[in-house]
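In this note's numbering, the protein residues as written are 73 to 299.
What follows is the structure in structure tokens.
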């Protein structure tokens, strides 16, 4: 998500921030799978194939310029019940953008997603900032476009390309009710993500977790609750 040298900041140790979703409430054994930076090309079609095989939904945070790689992806994803989110136009640190550039990237990405998804009409109201960082004005800019920022609570450091065993261990060790899992769909990381999902999804289901998209996640968690 964004700059691949920055891990997604978790809510642990951070003050609760109204307007930002780090995780859902702990009321239900639910997990939301989110996948950033796509589409990656043919690998994204393989991702949809796998999700259909596993029977789990995901929320894909798409980069507007990357839709050139696979313009049909958005249409297929929506038709198959997957959710789409806005990850802006380029893979960069969103928090460094001035207001005008932020709005241009946000609007351009939404327009490209809608054009590629047509005649489907996806509801677009989740935004994940590149690099995972934000500031109060950015929240206001996003809200002006009817977007809510979402980060995550389970980030297995996949952008650093650790061994698959580590990702599997990290996800299983940190899974929690209301968790938001962040993985990536880039040409470099797609195959790794597919392998990780094949290993962890069946195990998490055996543990009683149910996968939902962000709209269906119970929450968000309230003040004083740490993911």
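Positions of the beta carbon are idealized from the N, C-alpha and C atoms, including for glycine.
Please read these numbers as outputs of a predicted model, since none were measured by experiment.
Proximity of residue i and residue j at Cβ, strictly below 8 Å
i: residue 92; j: residue 135; result: no
i: residue 224; j: residue 132; result: no
i: residue 199; j: residue 214; result: yes
i: residue 146; j: residue 289; result: no
i: residue 271; j: residue 230; result: no
i: residue 167; j: residue 205; result: yes
i: residue 129; j: residue 254; result: no
i: residue 291; j: residue 250; result: yes
i: residue 164; j: residue 202; result: yes
i: residue 220; j: residue 178; result: no
i: residue 101; j: residue 280; result: yes
i: residue 236; j: residue 267; result: yes
i: residue 173; j: residue 286; result: no
Counterpart residues of residue i in DSSP-defined beta bridges
i: residue 160; result: None; residue 160 has no bridge partner.
i: residue 205; result: Beta-bridge pairing links residue 205 to no other residue.
Start and end residues, alpha helix (DSSP H) containing residue i
i: residue 210; result: 208 to 216
i: residue 196; result: Per DSSP, residue 196 belongs to no alpha helix (DSSP H) and is neither H nor E.
i: residue 184; result: 171 to 189
Endpoints, the beta strand (DSSP E) within which residue i is located
i: residue 220; result: 220 to 222
What are the complete beta strand (DSSP E) segments, minimum 3 residues, inside the region 224 to 296?
Runs of the beta strand (DSSP E) inside the region 224 to 296: 251 to 256 and 282 to 284.
Can at least three beta-carbon pairs, one atom from the region 238 to 250 and one from the region 177 to 191, be found at a separation below 8 Å?
no
What runs of the alpha helix (DSSP H), each 4 residues or longer, lie entirely inside the region 79 to 157?
114 to 126 and 145 to 151
Contact between the region 96 to 111 and the region 148 to 165 is defined here as three or more beta-carbon pairs at a separation below 8 Å; is this criterion met?
yes
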